[in-house]
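These protein sequences, in sequence, are chains A and B. Quick note: the first sequence uses the working numbering, first residue 3, plus one each step. Quick note: the second sequence uses the working numbering, first residue 309, plus one each step. Using N, Cα and C, we set each Cβ at its ideal position, and we do this for glycine too. Below is one structure; the comments refer to it alone.
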Amino acid sequence: MSPGASALPRLGVTLYSFTRDFHAGRATLEELVARVAREGLGPGLEVIGFQSFRGFPHMAAEDERRFLELVERHGLELSCLDGNVDIALRADRLLDETELVEYLQAQIDAAARLGFPVLRIQNQASPRVVERLLPHAEKRRVKLGMEIHAPETVRSPWVLALRELYARLDSPYLGFIPDFGASTRGISPSMFEAFRAKGVSDDLLEEIARRWRELDGKEFEAHEEIGRFIALAHEHGAGDHAVNLAVFAVGIHGHQEASAWSEILPHVVHVHGKFFDIRDGREPVVALEELIDVLVAGGYRGYISSEYEGWHWDTESDAFAMVARQQAVCRAALERYARSS
Amino acid sequence: MLGDQVIADGSLRALERGATFALRMPWYRALPLSCLEGLEVRIDGEEVPPETLELTLAGRSYRLSDLSPLHDTWWYVADPIEVTLPRSLAAGDGEHELDVTVALRIPYIVESGHPLVMRERCVKRMEARR
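See below:
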């Protein structure tokens, strides 16, 4: 890699993009990794622990060895291991702080054994839990990356609390993972098309689009708003589609301005390049070029991990081809900088 | 999520007594059995009493009422649960309609102390194999 190019963010992919193929048994973990390499979708490789590894975070040593051999053989680079903060693991009560810290320490250990530089964590880890995890993360040399996912933003109260904590503790092992889906310009047209094909009325889809635009710039509680969208969908007779429509509309299409990511950029340790579709050489609702401009201008030099999520409703498209198309857009945006530097 | 893949295609089988089908995780990742909060099965329009369903995973069998304490028993995303229902089907008697709804607690999505419970419904028609 030329010195010019290494001064820019690098591309990669999360295997979450290929969930539909993996879940349907059309591809094994080995086959997914091999195809990522063959189709040039790396070098960054991101994996969800509880998806790709049986027994996570306590995998069989033989499985770990085979995975590392696989990554090595295909010349990929481990970018991020996605952990999960399963505070409601038990049916009878939420985990207490100490139980949650132990639950996550095991995931930090898994990341360290495999050599992932970052463990993705989620907002059920309170600032107090994050603070208690930090010594373990530092010891195992794994950065904690708190994901900021739609409909949350860099100004959500819990994010502000973490920003304060990060300022106070000042450790390179504490960071954020922006998800591009938090800053979309609308609901993906491919989602509307898929639900229209399932028989959902145009009236309802137009109303969902209108209500979504009304949320622009507003502070709201995700579950309350999802509840309102579910009620709306039921009023229009959406039946079994009501919950998915609401969760997809509110929960994966966010309203944050792309430029707002610059507020937390010094703490960004990884990026989820979320997208839903690419048509005519562009993502209809995720402003990839603008987001990349914000990252580069703010000095971000880590991975942009392509995360295709249109598979929820698009059951036909080839997820690998989608990722290749999205990376072509990202690569073109990055090359403008490579040329000008 | 992945509602169309919840009943594994072609998995309906007629047994000596009863019938089975393969239930797939309606989520992208492994979850413990304690997160499986409900399972409703209708076959040819008729509801199967939930307490009569038997779930088999990794060689062990459970009733729905056994699941809530099992937060250390993991349902890996690639593994089907075999669901046995006390409904006799004759192989070769044509297509049956299987209508399955799963309620799944998502343990990392909690709002105001309440975990999100997703309900995913899958309806498929298929012949029973022996």
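For Lys141 (chain A), the secondary structure class from DSSP, reduced to helix, strand or coil, is helix.
Your pair Val287 (chain A) and Arg187 (chain A) checks out as a contact, with CB atoms roughly 5 Å apart and the cut at 8 Å.
Gly239 (chain A) carries a coil assignment under DSSP once its states are collapsed to helix, strand and coil. Distance from Ile150 (chain A) to Val271 (chain A) at the Cβ level is roughly 12 Å; contact not present, criterion being Cβ atoms closer than 8 Å. Non-local C-beta neighbours of Trp382 (chain B) in its own chain, meaning closer than 7 Å and more than five positions away in sequence, comprise Ala338, Pro340, ordered along the chain. Cβ-Cβ separation between Pro358 (chain B) and Ala90 (chain A): approximately 22 Å, too far for a contact (criterion under 8 Å). Contact between the stretch 128 to 143 of chain A and the stretch 106 to 113 of chain A is present, with at least three C-beta pairs closer than 8 Å. None of the residues of the stretch 362 to 374 of chain B has a beta carbon lying less than 7 Å from any beta carbon of chain A. Note: Cys332 (chain A) is not bridge-paired with any residue in the DSSP secondary-structure output. Beta-carbon to beta-carbon, Ala114 (chain A) and Arg143 (chain A) are separated by about 7 Å, close enough to satisfy the 8 Å threshold. The beta strand (DSSP E) runs of length 3 or more contained entirely in the stretch 269 to 307 of chain A are, from start to end of the chain, 273 to 277.
Within chain B, Ala338 have C-beta atoms less than 8 Å from the C-beta of Phe58 (chain A), given in sequence order.
The Cβ-Cβ distance between Ile280 (chain A) and Gln328 (chain A) falls below 8 Å. Taking 8 Å as the threshold, the shortest C-beta distance from Pro357 (chain B) to chain A does not fall below it. Between the alpha carbons of Pro174 (chain A) and Asp352 (chain B) lies a distance of about 59 Å. Note that the stretch 310 to 325 of chain B touches the stretch 419 to 432 of chain B; at least 3 beta-carbon pairs, one per stretch, sit closer than 8 Å. Of the residues B:Glu324, B:Leu344, B:Tyr384, B:Gly400, the one whose Cα lies closest to the Cα of Leu424 (chain B) is B:Leu344.
Within chain B, no residue has its beta carbon less than 9 Å from that of His257 (chain A); the closest one is some 18 Å off. If you ignore the 5 residues before and after Thr16 (chain A), its C-beta comes within less than 6 Å of the C-beta of Glu48, Ser307, Glu309, all in its own chain and listed in chain order.
Under the three-state reduction of DSSP, Gly318 (chain B) is assigned to coil, being neither helix nor strand. In terms of Cα proximity to Glu405 (chain B), the closest of B:Glu354, B:Met309, B:Arg325 is B:Glu354. Note on Asp316 (chain A): 16 or more other CB atoms within 10 angstroms of its CB, so buried under the neighbour-count rule. Membership of Leu47 (chain A) in any alpha helix (DSSP H) is not indicated; the residue belongs instead to the beta strand (DSSP E) covering 46 to 50. Bounds of the alpha helix (DSSP H) holding Ile210 (chain A) are 204 to 216.
Of the candidates B:Gly367, B:Ala399, B:Arg433, B:Val349, the residue whose Cα lies closest to the Cα of Arg325 (chain B) is B:Ala399.
At a C-beta separation below 7 Å, Thr317 (chain A) has these neighbours in chain B: Asp312. Inclusion of Leu146 (chain A) and Val132 (chain A) in the CB contact set at 8 Å is warranted, their separation being smaller than that value. If you check the CB distance, Gly300 (chain A) and Pro11 (chain A) do not come in under 8 Å.
Judged by beta-carbon spacing, Gln53 (chain A) lies beyond the 8 Å limit of Thr155 (chain A), meaning their Cβ atoms are not closer than that value. Taking 8 Å as the Cβ-Cβ cut-off, the stretch 71 to 87 of chain A approaches chain B at Asn86, Val87, given in chain order. Between Asn86 (chain A) and Tyr336 (chain B), the alpha-carbon positions lie close to 12 Å from each other. The beta carbon of Glu99 (chain A) lies closer than 8 Å to those of Ser128, Arg130, Val131, Arg134 in the same chain, with the five residues before and after it left out. A:Phe194 is the residue among A:Glu221, A:Phe194, A:Glu227, A:Asp172 whose C-alpha sits nearest the C-alpha of Ala211 (chain A). Secondary structure note for Ser369 (chain B): its beta strand (DSSP E) is the uninterrupted segment 368 to 370. Per the coordinates, the alpha-carbon of Phe231 (chain A) lies some 43 Å from the alpha-carbon of Glu66 (chain A). In the three-state scheme derived from DSSP, where H, G and I count as helix and E and B as strand, Met309 (chain B) is classed as coil.
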